[in-house]
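Trainee:
Residue numbers (my numbering): 1 to 91.
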């Protein structure tokens, strides 16, 4: 039952299968910092860019985050009443 409990073994096996099937493609894996929290500085920048009317995509590029990371963070801030839908910021 090694395939169920040994993630590294499974991952190496999957990589080899893909290399055999698609030899001309490069296999990319997710970054380990994919789920990093927003720092207070990033949150301030996010709020300032949002207030300036920047799009989610523009904010994401500025912060080096994904579109969905920005969308979810802004939704979280609205839920916490730190930001109003379609209005300026609340501090």
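Here a beta-carbon is modelled for each residue, glycine too, at the ideal position from N, C-alpha and C.
No experiment lies behind these values; they were computed from the predicted model shown.
1) Would residue 17 be called buried (16 or more neighbouring beta carbons within 10 Å of its own) or exposed?
2) Measuring CA to CA, which of 7, 51, 14 is closest to residue 82?
3) Excluding the five sequence neighbours on either side, which residues of its own chain have a C-beta within less than 7 Å of the C-beta of residue 77, listed in chain order?
4) Between the C-alpha atoms of residue 38 and residue 28, what's the straight-line distance to the nearest angstrom?
5) If we ignore side chains and look at the alpha-carbon of each, how far apart do residue 62 and residue 73 end up?
6) Roughly how many angstroms lie between the CA atoms of residue 26 and residue 14, to the nearest whole one?
7) Return the chain-ordered list of same chain residues with a C-beta closer than 6 Å to the C-beta of residue 56, the five sequence neighbours on each side being excluded.
Mentor: Based on what the coordinates show:
1) exposed
2) 51
3) 83
4) 24 Å
5) 15 Å
6) 13 Å
7) 67, 70, 71
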